[in-house]
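Position one of the sequence shown corresponds to residue 1 (the UniProt record's numbering), numbered consecutively onward.
These notes concern the structure reproduced below.
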Amino acid sequence: MLHNISRRNVFRAGLAAGAGAVIGLTQSAPAGAARRSVIAFVGVTVIDTTGGPPRPDQTVVVEGDRIIGVGGRRDIHVPRGATVVDGTGRFLIPGLCDMHVHSDVHEAIIPSLYIANGITTVREMSGADHLHRWRDRVEAGTLLGPRSIIASPLIDGAPSLWAGLNAVSYIEVTNEAEARAAVRRVVRDGADFVKVYSRLSPEAYFAVADEARRQQVPFAGHCPDNVPITEASRAGQRSLEHMWGTWYSSSSREAEIRRAIADIRIESGDYNSWFNQVHPLNWLAAHSYHPGKAAAVFAGFVANQSRQVPTLIAMRAIAMPDEVSRTDARLKYLPASTAEEWWWALDELFAAGRGPTEVAQHRELFDRQLRLVDEMRRAGVPMLAGTDSATPGCFPGFALHDELALLVRAGLTPMQALQAATLEPARFLGRQNHEGTIRRGNLANLVLLDANPLDDIRNTQRIQAVVVRGRFISAEERERMLAEVETAAREVPADARTTVGCPCMGRSR
C-alpha cells in the first residue's frame, strides 16, 4: 500500500515570503542566453580527477553548457568577447556530486545551498512530488539548482519504520506479489530508481530485485536487516547505503547474529527502538570481524560493481550526537524550526536509551567504521560520496565537504575522495563520457578553488566561483546567494513543523 505523505504544504506560508526575497536567485538566465555565453579560465591549475597530476597554467574555455577547449595558453584560443576569469594561483575541479541527499521543500533554500557549495548533481534518496517539480524547473532554466536523480518512495516491509509518522512517502509490502506491484507502480510514476529499505523481508526484497530487472530500472538503498549484504550485491543492488550490513557478513559469528536479527521486532515508526536493538549486534559483529570473510565480501562488491556509500558524516552524528555543534555558524541558513527538530532528534532518537557503556561503544564503532572504509578502499571497492543530509548536523551542501574530509581521515587520498564525488558518481550514473572530469566536450560543471584540494581536502570549501551547466556564478554572486538564503530561512515561521533529518536517519515529531 502506498502511503503518500507529501511534505509540499509544510512550509507553504513561510516560503511564500521567503521566495519573494530570492527571486533573483531562483530565476536563472534563459537557456538561449546560456548557450551563447563564452567563459575562459586562463592560467588555472586543472585537477580533472582522472588520477593524473595537476596541470598548471591551463586555459579552459566554456561555450554554452559545454567545455570546448582545455590546454596550455598557447594551445587554446580564447574567443573574442569571452568572459575571461583569471585563474592564476587557483584550481579548477569538476562539479561535485552528493550521492545521498533528502531535500526538503525549501525551494528558496536547498537548491541554492547545493550550488553555492559547488554541488552540481544530487541523488535524491526518497521520492517526493516537489523534487520532480524542482527538476522540471531546473531543466527549463527557471530554477538554479543541481541536476537530480530521484528515487521512488521507500519500499519497506510491514510495519515500516515510517508507519504512522508524518514524514515521507513509503510503500509497505509483505509478499512477492505486493513487492512486484510496488516496483511497477513507482516506475510508472517516473522514479529513476527503486529505493529499498531496512525492514523488507527476503521474499519481498528478491521480488523487488527481479521486478526491477524486468522493468529495466536500477535499485539501491539500505541492505534489509534480514538479507545478507553479499546476497544483495549478487542480486544487483547498485549501491549500498551506510555501513551496518557490512559488519554482519564479515563476522565470524554471522550465523548467531542473523538469528538475533530475525528476532528483532519493531513497532510502527519506532526508529529509536530499531537503533537500540541493532546496536549490540553491530558491536558483536565489529568485535568478531574476520579478515578472510571481509576480503570475500569486498571481492564480491568489486565483481558485482556494487558501490558503497558510507555517509560517514551521518554515521558520526548517530554515534556521537553530543558532538554535533548547536552553535554552528551554518545554522543561519536553515529555519529555526529545523534546528529545533535536530536537537530533539539528537536527544530523543539517537541518544535515548544509551548509558555510559553504549556511549563509549558507539564512539569506538565509528572509529571502526573509518577503518572498514579504508579496508574497502584497499580492496578496490568503488566509493560514492554521500551525506544523508539533512540528518542532524549534515547541512545541505556544506555536508559534502565534511564528508570528503572524513573519507580522507578514513584513509582515502585527497584524489580518491574527490573521485568519490566526481568521477565515480559519473561512472555509476553512466555519464562518464559527459561528466566527472574536465575535458573537451564534457558538460560545463566546474568549481574554481582558491587553494589546492590535493594538499588539503578541506580546500574544497575555499570556493571562488561555480559553473553549473555553463552558468557562471562569481564570488560576489555566490555571496549574494548565501545572504538571500539566510534571509529566506528567517522568513520560515518558528512553529513550522519539519522533517527531522532524512528518511534514513530521522523522523517527524
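The beta-carbon is built from N, C-alpha and C at its ideal position, and this holds for glycine as well.
Are there 16 or more other CB atoms within 10 angstroms of the CB of Pro-291, so buried, or fewer, so exposed?
exposed
Should Glu-491 go down as buried or exposed, given a rule of 16 or more other Cβ atoms within 10 Å for buried?
buried
Comparing C-alpha positions only, which one of Gly-157, Leu-482, Gly-95 sits nearest to Ile-438?
Gly-95
Write down every uninterrupted run of the beta strand (DSSP E) in the stretch 434-464 whose length is 3 residues or greater and which is fully enclosed by it, in chain order.
446-449
For the alpha helix (DSSP H) holding Asp-136, just list the boundary residues, first then last.
129-140
Taking C-alpha atoms, which residue in Pro-153, Leu-144, Ala-351 lies nearest to Gly-118?
Leu-144
By alpha-carbon positions, which one of Leu-448, Phe-298, Ala-317 ends up nearest to Arg-378?
Phe-298
Within 10 angstroms of its Cβ, does Ser-325 collect 16 or more other Cβ (buried), or is it exposed?
exposed
Which two residues bound the contiguous alpha helix (DSSP H) that contains Pro-153?
Pro-153 -> not in any alpha helix (DSSP H); beta strand (DSSP E) instead, spanning 147-156.
I'd like the list of long-range same chain contacts for Gly-14, defined as Cβ closer than 7 Å, with 5 residues on each side in sequence excluded.
Note that Gly-14 scores a pLDDT of 29, beneath 50, so its modelled location is shaky; the value from the coordinates is reported in the next line. Cβ neighbours of Gly-14 beyond the five flanking positions: Glu-491, Val-492, Pro-493, Ala-496.
First through last residue of the beta strand (DSSP E) which encompasses Arg-123:
119-124
Based on the DSSP secondary-structure assignment, which residues constitute the bridge partners of Met-383?
Gln-308
At what residues does the alpha helix (DSSP H) containing Leu-418 begin and finish?
414-420
CB contact flag (Ala-420, Met-376, <8 Å):
no
Taking Glu-371 as the reference, give the member of Ser-37, Ala-82, Ala-294, Ala-108 with the closest Cα.
Sequence inspection shows Arg at residue 371; the Glu mentioned does not correspond to that position. Nearest of Ser-37, Ala-82, Ala-294, Ala-108 to Arg-371, Cα basis: Ala-294.
Close-in-space but distant-in-sequence residues of the same chain around Ile-229 (CB under 8 Å, 5 per side omitted):
Cys-223, Leu-240, Gly-245, Thr-246, Tyr-248, Ser-249, Val-297
CA-CA distance, Ala-19 and Ala-108?
Only weak support exists for where Ala-19 lies, its pLDDT of 29 falling under 50; the coordinates are left without a value.
Close beta carbons around Asp-374, own chain, < 7 Å, minus the five adjacent residues each side:
Ala-410, Gly-411
Checking 8 Å against the spacing of the C-beta atoms, do Gly-51 and Arg-440 come in under that value?
no
Ala-191 and Ile-150: beta carbons closer than 8 Å?
yes
For the stretch 302-309 against the stretch 394-406, do three or more pairs of beta-carbon atoms, one drawn from each stretch, fall closer than 8 Å, so that the two count as touching?
no
Just the C-alpha distance for Ala-489 and Ala-303, rounded to the nearest angstrom, thanks.
46 Å
Identify whether Ile-115 lies in helix, strand or coil by the three-state DSSP scheme.
helix
Give the C-beta separation of Glu-358 and His-287 to the nearest angstrom, bearing in mind that I take them to be a contact with Cβ-Cβ under 8 Å.
With a Cβ gap of about 14 Å, Glu-358 and His-287 do not count as contacting.
How many angstroms separate the CA atom of Cys-97 from the CA atom of Val-196?
21 Å
Compute the Euclidean distance between the alpha carbons of Ala-319 and Gly-397, then round it to the nearest angstrom.
22 Å
Cα-Cα separation, Arg-184 to His-242:
26 Å
Gly-245, DSSP secondary structure in three states:
helix
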